[in-house]
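Worksheet for the structure shown next.
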Amino acid sequence: MAVLLQADDVSMSFGGVHALAGVSFELHRGETLGLIGPNGAGKTTMFNCITGVLPGYRGHIYYDGRDLRNLKPHQRARLKIARTFQNLELFDELSALDNLLLPLDAFSRRGVLGDLLRLPRTVFEERRAQEKARAILHFINLDDWADTPVGDLPVGLQRRLEIGRALCLEPQLLLLDEPGSGLDARETSELARLLASVRARFKITMLLVDHDMALIMRICNRIYVLDYGRMIAEGPPEQIRDDPRVVRAYLGDATATGVVSTEPATSGAVG
Ligand SMILES: Nc1ncnc2c1ncn2[C@@H]1O[C@H](COP(=O)(O)OP(=O)(O)OP(=O)(O)O)[C@@H](O)[C@H]1O
Ligand SMILES: [Mg+2]
């Protein structure tokens, strides 16, 4: 299978903390890959290296065969790498619809002059952005909340909206940082269905970080496990679940108690 993203010996340190210490992995086109590990393992740091927020890493990250090293975050976004954030980064005062229009606006090609003069092309692009935002709102099942300020939405809907916002970029690669965080069982189930339909409909390659093992097991084709900045295991869900190194890594982390007793995976990926 073709490799879409490859991390080759990536290291990142903060002072004396080795957040990533020689991490390598491959993400195949069309795959949904899980990246798990205890708190502080380096998962979000890996996302920040891939998206260019932390340019100072050592090693290489290749995307579609191209070294990302010298590309700024917005240039990586133009290559269709999108992400969601562990701590939701939506605009609380703006409506759900406006939160989707913002990235569409930022990535449209119309200029300031076009905006001022309301050139036909600008008007056309505005209408197209509106249509696209509405379509995405519908896809994430948030039509009824189009005009609601995002701060008034329950966290489950905010997480869906973050996914919607990432979809505005028409990503090839979607990085999801704990999309299941703060969700109850019903919301998590809906999230799993949404991710399955994102994959089925848009053929997007996904890298999923989450502490909810049931979600990871249900969605992912393959899983990598980080611990203290090192990759300690890789394999299909059922193998990872039973891997003693993984069990040990989680048992050493008091905040993740119970993670290893999670119910077994369904038969592979949904969708
Ligand atoms: N900007 C930063 N400055 C200093 N230290 C940082 C910074 N970002 C991360 N770290 C440290 O790097 C290590 C890895 O953090 P990271 O946030 O990547 O872990 P994580 O696997 O995402 O954890 P969690 O599951 O809690 O989100 C931690 O020790 C963290 O304190
Ligand atoms: Mg994190």
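Each residue of the sequence shown is one higher than the last, beginning at 106 in our numbering. Ideal placement from N, C-alpha and C gives every residue a C-beta, glycine not left out.
Taking Q111 as part of the beta strand (DSSP E), name the residues at either end of that continuous run.
Position 6 of the sequence shown holds residue 111. Unbroken beta strand (DSSP E) run through Q111: V108 to F119.
Helix or strand or just coil, what does DSSP make of A187?
In the sequence shown, counting from the first residue as 1, residue 187 sits at position 82. Here A187 sits in strand by DSSP.
Determine the direct distance from the alpha carbon of L109 to that of A238, and round the result to whole angstroms.
Against the sequence shown, residue 238 aligns to sequence position 133. Against the sequence shown, residue 109 aligns to sequence position 4. Their Cα atoms are separated by approximately 27 Å.
Please confirm whether A82 and S200 have their CB atoms less than 8 Å apart.
Nothing about residue 82 can be read from this structure; the chain reaches only from 106 to 376.
Strictly closer than 5 Å from CB to any heavy atom of ligand 1: give me those residues in the order they appear in the chain.
Those satisfying the condition are, in chain order, F119, V122, A124, N144, G145, A146, G147, K148, T149 and T150.
Count the other CB atoms within 10 Å of the CB of H243; is the residue buried (16 or more) or exposed (fewer)?
In the sequence shown, residue 243 corresponds to position 138, counting from 1. So H243 counts as exposed.
Over what stretch of residues does the alpha helix (DSSP H) that includes H243 continue unbroken?
On the sequence shown, residue 243 is found 138 positions in, with the first residue counted as 1. Note, H243: alpha helix (DSSP H), P225 to F244.
Helix, strand or coil for T253? Go by DSSP, reduced to three states.
For the purposes of this step, residue 253 is taken as residue 148 along the sequence shown, with counting starting at 1. If DSSP states are grouped into helix, strand and coil, T253 belongs with coil.
Pull up the CB-CB distance for A271 and T189, whole angstroms please, since I reckon it's below 8 Å.
For the purposes of this step, residue 271 is identified with residue 166 of the sequence shown, where counting begins at 1. For the purposes of this step, residue 189 is identified with residue 84 of the sequence shown, where counting begins at 1. Indeed they touch by this definition, with Cβ atoms about 6 Å apart.
What does a CB cutoff of less than 7 Å around R134 pick up in its chain, not counting 5 residues either side in sequence?
The sequence position of residue 134 within the sequence shown is 29, counting from 1. Correct list, in chain order: M106, A107, L109 and T310.
Nearest to L281 by alpha carbon, out of L313, M151 and S302?
Residue mapping note: residue 281 aligns to position 176 of the sequence shown, counting from 1. Checked all of L313, M151 and S302; the closest Cα to L281 is L313.
Got a sec, what are the start and stop residues for the alpha helix (DSSP H) F130 sits in?
Numbered from its first residue, the sequence shown carries residue 130 at position 25. Premise fails: F130 lies in the beta strand (DSSP E), V122 to H133, not in any alpha helix (DSSP H).
Pick helix, strand or coil for S200, following the three-state DSSP scheme.
As a position in the sequence shown, residue 200 is number 95, starting the count at 1. S200 falls in the strand class under three-state DSSP.
Check whether the region 247 to 261 and the region 193 to 210 touch, using three or more Cβ-Cβ pairs below 8 Å as the test.
They touch, by the three-pair rule.
State the CB to CB distance for the pair K185 and E267, rounded to an integer number of angstroms; the pair is presumed to be in contact (CB under 8 Å).
Counted from its first residue, the sequence shown places residue 185 at position 80. Counted from its first residue, the sequence shown places residue 267 at position 162. Contact flag wrong, Cβ pair sits at about 17 Å.
For Y355 versus L138, is the C-beta spacing smaller than 8 Å?
Translated into the one-based positions of the sequence shown, residue 355 becomes position 250. Translated into the one-based positions of the sequence shown, residue 138 becomes position 33. Going by C-beta atoms, Y355 is not nearer than 8 Å to L138.
With distances taken between CB atoms, is the gap from S129 to Y162 smaller than 8 Å?
As a position in the sequence shown, residue 129 is number 24, starting the count at 1. As a position in the sequence shown, residue 162 is number 57, starting the count at 1. Not a contact, by the Cβ cut-off of 8 Å.
Can you name, in chain order, every residue of its own chain whose Cβ lies under 6 Å from the Cβ of G147, other than the five neighbours on each side?
The residue you call residue 147 lines up with position 42 of the sequence shown. Taken in chain order, the residues that qualify are A124, L125, L331 and G334.
Is the Cβ-Cβ distance between P178 and T150 less than 8 Å?
Here residue 178 corresponds to residue number 73 of the sequence shown, with the count starting at 1. Here residue 150 corresponds to residue number 45 of the sequence shown, with the count starting at 1. Their beta carbons are not under 8 Å apart, which means P178 does not touch T150 by this criterion.
Which of helix, strand or coil does DSSP assign to L356?
As a working note, residue 356 is residue 251 in the sequence shown. It is helical.
Quick check: what's the CA-CA separation for T360 versus N175?
Translated into the one-based positions of the sequence shown, residue 360 becomes position 255. Translated into the one-based positions of the sequence shown, residue 175 becomes position 70. Because T360 carries a pLDDT of 46, less than 50, the predicted location of this residue cannot be relied on, and the following value inherits that uncertainty. Distance between the alpha carbons of T360 and N175: 37 Å.
Check whether the Cβ of Q263 sits closer than 7 Å to any heavy atom of ligand 2, and report yes or no.
Locating residue 263 in the sequence shown gives position 158, where the first residue counts as 1. No, Cβ of Q263 sits at least 7 Å from all heavy atoms of ligand 2.
Could you give the uninterrupted runs of the alpha helix (DSSP H) lying entirely in the region 156 to 186, keeping only those of 4 residues or more?
Listed in chain order, the complete alpha helix (DSSP H) runs (minimum 4 residues) inside the region 156 to 186 are 178 to 183.
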